[in-house]
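Take a look at the structure set out below.
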Amino acid sequence: MLFELVATVIAGAAGGGLMLLVNRLLGRRLPKWLIPAAAGCAMIAATISSEYGWYGRTTSVMPERVVVIQTVENKAFFRPWTYVRPFVHRFMALDRDSVHAMEEVPSLTVADLLFFSRWQQVQVLSVVFDCAQSRQSQLPAEPKISAQGELENAVWHPVASGDKLMGLVCGGA
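Counting from 0, one number per residue, gives the positions in the sequence shown under numbering that gives the first Met the number 0.
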């Protein structure tokens, strides 16, 4: 975030400086208010560029084993351009190297989901999948296994057929 602030200030100085140079080359015929207006426009342009470029910059440095599952786009009234083209504010990815059968219950599969959000640390969540019954649950901190060999303290949620995440985890795609 600090780098973005510095880049925005530099863009403002460059925009204002460029307008100052143009004004001098034209014999100081332009109104003086154009210099701070150019600085402000350059700062807004740098901010917009940073917002729209974050997702691409982040995904371009991820290893190939990490697959984006879902993106969340953002619109805001104080950013009117986002109504024309929303930008990706956060996304969820799967680390395919983390997919493995649960030791205690081999019929269940465990995988790590990575949650990326602008200006925040990456959050990791271990999720257990029951591929046979198309359901998933957050992996409990202390999994309890029943006498029948089932995960007892999981809160299961059904997963729709054709779900991309379930397909990657269970199908190995």
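Each residue gets a CB set at the ideal place from its N, CA and C atoms; glycine is no exception.
Less than 6 Å between C-beta atoms, sequence neighbours within five positions excluded: which residues of the same chain meet that for residue i?
i, result
"Leu19", "Ile34"
"Ser116", "Arg89"
"Arg27", "none"
Pull up the CB-CB distance for residue i and residue j, whole angstroms please, since I reckon it's below 8 Å.
i, j, result
"Glu102", "Phe86", "Wrong, their Cβ atoms sit about 41 Å apart, outside the cutoff."
"Cys169", "Phe128", "6 Å"
"Thr58", "Val67", "6 Å"
"Ala45", "Ala6", "6 Å"
With distances taken Cα to Cα, identify the nearest neighbour of residue i among the options.
i, options, result
"His99", "Asp111, Ala92, Met91", "Asp111"
"Gln204", "Ile144, Met91, Ser106", "Residue coverage of the chain in this structure runs from 0 to 172, which leaves residue 204 outside it and unanswerable."
"Pro62", "Ser48, Met42, Leu93, Gly52", "Leu93"
"Leu1", "Gly55, Arg56, Ser49, Ala13", "Ser49"
Which same chain residues end up closer than 7 Å to residue i when comparing Cβ atoms and leaving out the 5 residues on each side of it in sequence?
i, result
"Leu17", "Ala37"
"Pro157", "Ser133, Arg134"
"Ser125", "Val109, Asp111, Leu138"
"Leu4", "none"
Secondary structure at residue i, three-state DSSP: helix, strand or coil?
i, result
"Leu178", "Nothing about residue 178 can be reported from this structure: the residues present for the chain run from 0 to 172 only."
"Gln152", "Note on residue identity: the sequence assigns Asn, not Gln, to residue 152. Coil, per DSSP."
"Phe128", "strand"
"Ala172", "Note that Ala172 has pLDDT 48, beneath the 50 cutoff, so the model's placement of it is unreliable and the number below is only indicative. Correct three-state label for Ala172: coil."
"Ser97", "strand"
"Ser116", "strand"
"Pro62", "coil"
"Arg84", "coil"
Cutting at 8 Å between CB atoms, please list the residues of its own chain near residue i, excluding the five before and the five after it.
i, result
"Tyr82", "Lys74"
"Ala172", "Its pLDDT being 48, under 50, Ala172 is placed unreliably in this model, and the coordinates cannot settle the point."
"Val21", "Leu29"
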